[in-house]
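Here's the structure, in structure tokens; my notes come after.
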Amino acid sequence: MTWEEIKEKLKGKKIGIAGCGGLGSNATVALARIGVKSFVLADFDVIEASNLNRQYFFKRQVGEKKVNALKDILLDIDDALMIETHDIRLKATDITSLFAACDLIIEAFDKAEAKQMIVETVIENFPEKPLILGIGLAGVGGFDKLRQEKWSDNIYVCGDSVTECSDDFPPLAPRVCIVANMQANLAIELLLR
Amino acid sequence: MNIILNNRPETIDGKSITISELIIYKNYTFRLLVTKLNGKLVKRDERDKVMVNDGDTVEVLHLISGG
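What follows is the structure, encoded as structure tokens:
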């Protein structure tokens, strides 16, 4: 498929981004660069200086809401993008309402509890809508342990599935960005089918 | 009994077992899981009651923090 054909196919797609931290910010930037035109961004958090070791933000944006800062960055890449932002800690009912019109959802939460909540919500409410999870992205090295797999029906997983963030396994740009871009890459693969 | 667990055939002792017992049997130690039986979601508080029988398909996903 040519670049022009890819852009033509992607321009009508809408992607939901559940969390705009390390996974969400990096995956969304990749998707915006290659022709996805419409996004629903959701996150409740503000940017801290400690986020800059992995999240697609800049020092001047520290203190800003992540959804607003990410929208600004995306519009710098393409000012014709359609970006809906929700400054909210997503609950199950928010997921079913805010992401209803999306073709696909990228799960980019930090907490395991939130990941469990979105998986269960999508299984019950959106059995046809692809959900791409990022699981196991902390630390350094271990490139050969990273993989993508279809877990069940519409639920996909990117990452190593086992490395949880901790003091000894911090989330850092190289590995977080690899997993975020695996999610973006898989999203495009599914949307181009 | 024979089941399919995460896309792989698996032989389990006995005729049936709850989802919770299967989790212990398989030594899944992760705190947060999502479980499905024959394509349908089984929530945490149902795992003690829902039975897995011969020929069933079970899917277990474990979740960890980081993102």
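Protein sequence lines correspond, in order, to chains V and D.
The first sequence begins at 15 in my numbering and counts up by one.
The second sequence begins at 4 in my numbering and counts up by one.
Just so you know, even glycine gets a beta-carbon here, dropped at the ideal spot from N, CA and C.
The DSSP-derived three-state label of V/C172 is strand. D/I67 belongs to the set of residues whose beta carbon lies under 8 Å from a beta carbon in chain V.
When rounded, the separation of the alpha-carbon atoms in V/T177 and V/L160 is 10 Å. One alpha carbon belongs to V/W165, the other to V/V171, and they sit about 7 Å apart. Cα atoms of V/L88 and V/H100: separation of roughly 15 Å, rounded to the nearest angstrom.
Listed by position along chain D, the residues whose Cβ is nearer than 7 Å to that of V/K129 are L66. Within chain D, no residue has its CB atom less than 8 Å from the CB of V/E142, the nearest being about 13 Å off. If you draw a straight line from the Cα of V/V154 to the Cα of V/P184, it comes to about 8 Å.
Annotation: the continuous alpha helix (DSSP H) that includes V/M196 extends over 187 to 205. With a minimum length of 3 residues, the unbroken runs of beta strand (DSSP E) contained wholly in the segment 58 to 142 of chain V fall at 96 to 101, 118 to 121.
Pairing D/E13 with V/P141, the inter-Cα distance amounts to about 26 Å. If you draw a 10 Å sphere on the C-beta of V/F157, you find fewer than 16 other C-beta atoms in it, and that means exposed.
Among the CB atoms of chain V, one or more fall inside 8 Å of the CB of D/V37. In the DSSP assignment, V/T16 forms no beta bridge with any residue. Looking from the CA of V/G148, the closest CA among V/D174, V/N168, V/E127, V/K80 belongs to V/D174.
Straight through space, the alpha carbons of D/Y31 and V/T42 are spaced by roughly 33 Å. Interface criterion met: the Cβ of D/K46 is under 8 Å from a Cβ in chain V. At least one C-beta of chain V is nearer than 8 Å to the C-beta of D/E62.
If the five residues before and after V/Q75 are omitted, its C-beta is found closer than 6 Å to the C-beta atoms of I61, A83, all from its own chain and listed in chain order.
Per DSSP, V/G148 is one residue of the beta strand (DSSP E) stretching across 145 to 148. In the structure shown, V/G30 adopts extended strand secondary structure according to DSSP, grouped into three states. For V/V133, the nearest CB of chain D lies under 8 Å from its own CB, placing it at the interface with that chain. Around the beta carbon of V/L112, 16 or more other beta carbons lie within 10 angstroms, which makes this residue buried.
Put simply, the CB of D/G70 is near chain V, with a gap under 8 Å to one of its CB atoms.
Under the three-state reduction of DSSP output, D/T60 falls in the strand class. Inclusion of V/K27 and V/V50 in the CB contact set at 8 Å is warranted, their separation being smaller than that value. What V/I137 touches in chain D, judged by beta-carbon distance under 8 Å, is V37, K39, L44, going in chain order.
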